[in-house]
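As structure tokens, the structure follows; a few thoughts come after it.
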Amino acid sequence: MKAYLRNRLLPIAVAQSLLLFALALAADVPLAAAVLAGTLIALGLAILAERLWPYRDDWHADRRELIDDASSAGVVLLAIDPLLKSTLPILAVALYPSAVTLASWPLFAEILVVSLLIELGKYLSHRAHHQFAPLWCLHAMHHSPEKLNAVNGFRVHPLNYLINGLAVLPPLYLGASPEAVFGYLALTQPVQMLQHANADLHNGFWNHVFSSNELHRWHHAADAHVGHANYGNALAIWDQVFGTWRGPGHVVDIGLFARSRAKYPARAGYWRQLLACGVCCARA
Ligand SMILES: [Zn+2]
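Heads up, the sequence shown is in my numbering, so the first residue is 46 and it goes up one at a time.
Encoded structure:
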């Protein structure tokens, strides 16, 4: 039973979130509340799995790391997220009026198209952040931890988060409904809550569908040769399309690539890293 749960925690986390979304839709309850509930349950499952089945005993976050990750989460969720939510729909309508209206499609098909489009935008943004020096200066913050756990998934530079958020513009331009965007979030947020989990999950088939923690460990490998893989935000499809999908394996060394270690204060606190990103970008 334990092995069954461990190996299916990812689809269970996604299923509960989609179920809450469907119930909220049927009962006319605010969809944002349903998505938030599904996300928090998935985060709880990730933290529980880290205690029950740790991948590495020395990868649990200490007090200082928790404070840094909470600071980062506070900045992106309380400042950048509201900014994106208030400006992107206005931008999409004002700048790019479109004749196409996805909202007239059946909701299931609309969620599918919206998910593929947003994930493509985030995949391309992620690759660009690895490829171009000024963007890597921002993204280095996310790769700075030398261990992976559920909370350090929130360690991301606010500008990196802002740029990734632009991925929602194409579906909005095509007239996607708010329900479809919430459906996308209900599908993908649980995957993200588990993506950095220090949990020895064996996701099997689901590694071909979702960008799981098994796959994402490769992405955080300190060896650049294996680290340039598995860029998927929550879905694994674009890694498979573009040939960057790498299957499960044992990753030993996590952190910044060797070439970046000398230039970036990987072990500094969140606020010092924010300043370092500014200096780094100015020089790039
Ligand atoms: Zn990355």
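Each residue gets a CB set at the ideal place from its N, CA and C atoms; glycine is no exception.
Scanning the region 80-117 from its first residue to its last, no whole beta strand (DSSP E) run of 3-plus residues comes out.
Distances from the alpha-carbon of Ile135 to those of Phe199, Phe66, Val213, Ala72 put Val213 closest. DSSP places Ala274 in the coil class of the three-state scheme, outside both helix and strand. When the alpha-carbon of Asp284 is set against those of His253, Leu301, Val296, Ile299, the nearest one is in His253. For Gly89, the number of other beta carbons within 10 angstroms of its own is below 16, and it is reported as exposed. Counting along the chain, no alpha helix (DSSP H) covers Phe177, and no H or E run does either. When Cβ pairs closer than 8 angstroms are counted between the two stretches, the region 110-118 is seen not to touch the region 265-273, the count staying below three. DSSP places Gly210 in the uninterrupted alpha helix (DSSP H) bounded by 203-210. If you compare the alpha carbons of Leu162, Gly314, Gln240 with that of Val196, the shortest gap goes to Gln240. Nearest to Gln237 by C-alpha distance, out of Arg312, His174, Gly198, is Gly198. Unbroken alpha helix (DSSP H) runs of no fewer than 4 residues, entirely contained in the region 219-269, are found at 223-240, 258-264, following chain order.
Residue list for ligand 1: His171, His174, His175, His184, His187, His188, His264, Tyr276 (CB closer than 7 angstroms to any heavy atom, chain order). Inter-residue distance for Thr132 and Leu70 is about 25 angstroms (C-alpha atoms, whole angstroms). Annotated three-state conformation of Leu280 is strand, per DSSP.
By the neighbour-count definition (other C-beta atoms within 10 Å, threshold 16), Lys167 is a buried residue.
Remark: C-beta atoms of Pro216 and Val226 approach each other more closely than 9 angstroms.
Trp181 and Ala313 have their C-alpha atoms spaced approximately 17 angstroms apart.
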